[in-house]
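Under this note's numbering, the residues of the sequence shown are numbered 6 to 206, in order.
Virtual Cβ for every residue (Gly too), placed ideally from N, Cα, C.
Working notes, beginning with the structure itself.
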Amino acid sequence: MTELQTVNPFAEVVDTRNLSAGIVASQAREEMELKAMFAVAHSVGRDMRQAWNDMMAAVERPGFCSHPDGRPRALYIFKKGQEIKGLSVYTAREMMRCWGGLAVDSPRIVDVTDEEVHIRAVAIDLLTVNRHAMEAQFRKLVQTKAGWVSPDERDLQSLVLRNAAKLERNVILKHIPQDIQDTMTAKILGQMRLEATKDLT
Numbered sequence: 006m007t008e009l010q011t012v013n014p015f016a017e018v019v020d021t022r023n024l025s026a027g028i029v030a031s032q033a034r035e036e037m038e039l040k041a042m043f044a045v046a047h048s049v050g051r052d053m054r055q056a057w058n059d060m061m062a063a064v065e066r067p068g069f070c071s072h073p074d075g076r077p078r079a080l081y082i083f084k085k086g087q088e089i090k091g092l093s094v095y096t097a098r099e100m101m102r103c104w105g106g107l108a109v110d111s112p113r114i115v116d117v118t119d120e121e122v123h124i125r126a127v128a129i130d131l132l133t134v135n136r137h138a139m140e141a142q143f144r145k146l147v148q149t150k151a152g153w154v155s156p157d158e159r160d161l162q163s164l165v166l167r168n169a170a171k172l173e174r175n176v177i178l179k180h181i182p183q184d185i186q187d188t189m190t191a192k193i194l195g196q197m198r199l200e201a202t203k204d205l206t
């Protein structure tokens, strides 16, 4: 590692000769903050049993599984030939909070062309130093009654935010064991059925 390289598990190696003083200072500040996060995470540790209990308890909170109007909140559900469901970004963020020791670098735009947007997100487990980076590219198109059209500024912002949320969810869940995700999904479905039954009585 040379003096011209910065160390940041969220980013690739950067040559500081090509950066302004402000950007270099910002990166140094981020690195100091990350070191502090590592120190705090290791001092606290991770109680997996408590994390599990906290996740299960979260599902039982009123309003966790569904919006007030009945739309699912904790899961995404849509039909594409068959019903497809999975944990939502809302649930992924709650699982991250309960799991502890995870740091997520919010999705950032890597590149924008006339036709596509390229975004990237990174998550690191501060206790195991396990790091996952994921990227997504999507067309600048939104579906309307007239078909697929180029979005205006507001629709483009909404398109980017939706795809960023999916990327954030996916990179968080890379750190959560699959069996825990499966149990969380089953718990949410059971809670939703329970709440639906209560609404009928």
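In or out: residue i buried (at least 16 other Cβ within 10 Å) or exposed?
i, result
"L166", "exposed"
"D74", "exposed"
"R174", "buried"
"G60", "The question names Gly, yet the displayed sequence has Met at residue 60. That one is buried."
"M100", "buried"
"I82", "exposed"
"R125", "buried"
"V134", "exposed"
"M189", "buried"
"A169", "buried"
"G106", "buried"
Measuring alpha carbon to alpha carbon, tell me which of the options ends up nearest residue i.
i, options, result
"K179", "P77, E88, M189, I129", "I129"
"R113", "V127, G105, R102, M101", "V127"
"H123", "K145, D110, P77", "K145"
"Q186", "L80, D52, E35", "L80"
"L161", "F143, C70, L39, V176", "F143"
"E38", "D110, R102, R159", "D110"
"L172", "K203, D157, M139, W153", "M139"
"A108", "T202, Q55, R159, V176", "V176"
"E200", "C70, K150, R159", "C70"
Work out the CA separation of residue j and residue i for me, nearest whole Å.
i, j, result
"I89", "V147", "21 Å"
"W57", "S31", "36 Å"
"Q183", "G50", "21 Å"
"H137", "S163", "25 Å"
"G86", "E36", "47 Å"
"T11", "P77", "Confidence in T11 is poor, its pLDDT being 35 and thus under 50, which makes the residue's placement unreliable; the coordinate value appears in the next sentence. Rounded to the nearest angstrom, the two C-alpha atoms are 43 Å apart."
"A97", "C103", "10 Å"
"A191", "A141", "28 Å"
"P14", "A26", "With a pLDDT of 49 at P14, under the threshold of 50, the modelled position of this residue cannot be trusted, and the question is left open."
"P156", "R54", "46 Å"
"W153", "H72", "29 Å"
"A151", "M42", "49 Å"
"D52", "R34", "30 Å"
"N159", "T149", "Sequence inspection shows Arg at residue 159; the Asn mentioned does not correspond to that position. Going by the C-alpha atoms only, they are around 14 Å apart."
"K203", "K84", "26 Å"
Point to revise | Length-filtered (4 minimum) alpha helix (DSSP H) runs lying within the segment 26–96 | key: Runs of the alpha helix (DSSP H) inside the segment 26–96: 26–49, 53–64.
Practice item. Specify whether the segment 93–104 and the segment 116–126 touch according to this definition: at least 3 beta carbon pairs, one from each stretch, less than 8 Å apart. Key: Touching, no.
Review point. Touching or not, the segment 43–60 and the segment 130–137, by the rule of three or more beta carbon pairs under 8 Å?
Key: Enough Cβ pairs lie closer than 8 Å, so yes.
Exercise for review: Could you tell me whether the segment 59–69 touches the segment 192–199, where touching means 3 or more Cβ pairs closer than 8 Å?
Suggested key: By the criterion of at least three beta-carbon pairs nearer than 8 Å, the segment 59–69 is in contact with the segment 192–199.
Point to revise | Ranges of the beta strand (DSSP E) found wholly within the segment 105–187, counting only runs of at least 3 | key: With a minimum length of 3 residues, the unbroken runs of beta strand (DSSP E) contained wholly in the segment 105–187 fall at 107–117, 121–130, 135–144, 147–149, 152–154.
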